[in-house]
DNA sequence: GTCCAGGCATGCA
DNA sequence: TGCATGCATGGA
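This is the structure we're talking about:
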């Protein structure tokens with residue numbers, strides 16, 4: 207991997223195990239959209255960013271070196287050796303096939319509060335609608351940083367809006383969960399600043415104090431927002447994979463300390479099969 | 001009209 | 001501890 211700055215763009219070349227479309231379309235984030243082939247735009251780290259991939263070259267537009275080092279390097283998880291992880295994980299034919307299909311996924315290090323809130327919204331819901339609800343939450347309570355572009359609202363803003371206040375986003379029964387999460391985060395009852403320092407099981411317990419946060423939402427939050435790669439969210443797709451291919455041979459801990467990354471490969475893989483075989 | 005969607009809270013055995 | 005059911009909403 208080589209990184210240079212050119213015309214206030216960051217150009218990353220020889221970038222292995224990094225595929226933008228897999229990374230943005232594996233369901234870990236909800237605020238990035240494809241503008242054209244290989245070009246994505248979205249809001250993260252409090253700003254709008256455009257990013258493009260051409261072969262193994264990735265360009266971040268309008269980003270200087272300092273901002274890249276402070277924010278985007280960790281956001282795209284560029285310092286993790288995915289090659290080594292893939293090698294370690296390639297111990298059965300199923301995960302091997304999943305890696306073949308999804309080995310370019312990077313686990314994005316997103317804002318913890320945003321991830322928590324997003325995955326509360328995700329429950330018993332479909333991805334297009336999850337995106338819609340999040341977009342309208344941002345428009346309703348976020349900060350407009352440029353024309354029609356909004357940041358994700360703070361927990362404080364959400365608490366102050368209340369269940370009635372967020373009614374326009376039409377999140378249904380999840381509204382009370384969103385408010386409970388915002389209340390606990392804003393009050394400090396749950397401290398997201400120090401959550402990453404806890405042991406995985408303790409961090410998970412903390413998040414599950416929130417109404418509407420069960421094992422799956424907690425695991426997604428820990429994996430996508432707090433760097434806990436051992437978190438293995440069991441959603442319907444992954445449960446399907448386990449039942450279909452592993453039967454009884456699957457135990458907690460099967461994928462080890464990078465179970466979360468394996469989970470994303472399997473999730474993407476199983477969904478892509480569905481898409482390709484739909485006559 | 002019916003079913004489903006990156007689940008969870010609740011009640012009951 | 002484990003299992004069935006309801007839940008808001010919108011698209012297929």
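Numbering (my numbering), first residue to last: 207 to 485. C-beta atoms are modelled at their ideal positions from N, C-alpha and C, and glycine is treated no differently.
Cβ-based burial, residue i [other Cβ within 10 Å; buried from 16]
i	result
residue 422	buried
residue 325	buried
residue 373	exposed
residue 387	buried
residue 357	buried
residue 456	exposed
residue 449	exposed
residue 287	exposed
residue 334	exposed
residue 239	exposed
As assigned by DSSP and simplified to three states, the class of residue i
i	result
residue 243	coil
residue 253	strand
residue 415	coil
residue 280	helix
residue 309	coil
residue 259	strand
residue 238	strand
residue 315	coil
residue 478	helix
residue 226	helix
residue 484	Only weak support is given to the placement of residue 484: the predicted model assigns it a pLDDT of 34, under 50, and the question is left unresolved by the model.
residue 233	coil
residue 464	helix
residue 214	coil
residue 265	strand
residue 220	coil
residue 394	coil
residue 350	strand
residue 372	coil
residue 472	helix
residue 248	strand
Residue j beta carbon less than 7 Å from that of residue i
i	j	result
residue 313	residue 283	yes
residue 389	residue 369	no
residue 413	residue 319	no
residue 462	residue 435	no
residue 478	residue 307	yes
residue 315	residue 281	yes
residue 248	residue 237	yes
residue 321	residue 431	yes
residue 278	residue 295	no
residue 271	residue 211	yes
residue 425	residue 437	yes
Nearest-angstrom Cα separation, counted from residue j out to residue i
i	j	result
residue 223	residue 350	34 Å
residue 301	residue 471	7 Å
residue 207	residue 218	7 Å
residue 417	residue 261	44 Å
residue 406	residue 473	21 Å
residue 221	residue 243	18 Å
residue 215	residue 348	27 Å
residue 292	residue 433	17 Å
residue 459	residue 429	15 Å
residue 454	residue 446	13 Å
residue 361	residue 298	42 Å
residue 235	residue 336	10 Å
residue 443	residue 476	7 Å
residue 486	residue 339	Given that the chain is displayed from residue 207 to residue 485, the structure contains no residue 486 and the question cannot be resolved.
residue 468	residue 452	14 Å
residue 385	residue 394	14 Å
residue 309	residue 231	13 Å
residue 209	residue 268	15 Å
residue 464	residue 225	19 Å
residue 400	residue 250	21 Å
residue 485	residue 371	With a pLDDT of only 31 at residue 485, under the threshold of 50, the placement of this residue in the model should not be trusted, and no figure is reported.
Closer than 6 Å: residue i CB and nearest the ligand GTP heavy atom
i	result
residue 415	Ligands displayed in this structure: none; no statement on the ligand GTP is therefore possible.
Whole-number beta carbon distance between residue j and residue i, since they are thought to touch under 8 Å
i	j	result
residue 311	residue 259	The pair is not a contact, with the Cβ atoms about 13 Å apart (cut-off 8 Å).
residue 254	residue 391	No, residue 254 and residue 391 are not in contact; Cβ-Cβ is about 24 Å, not under 8 Å.
residue 346	residue 375	6 Å
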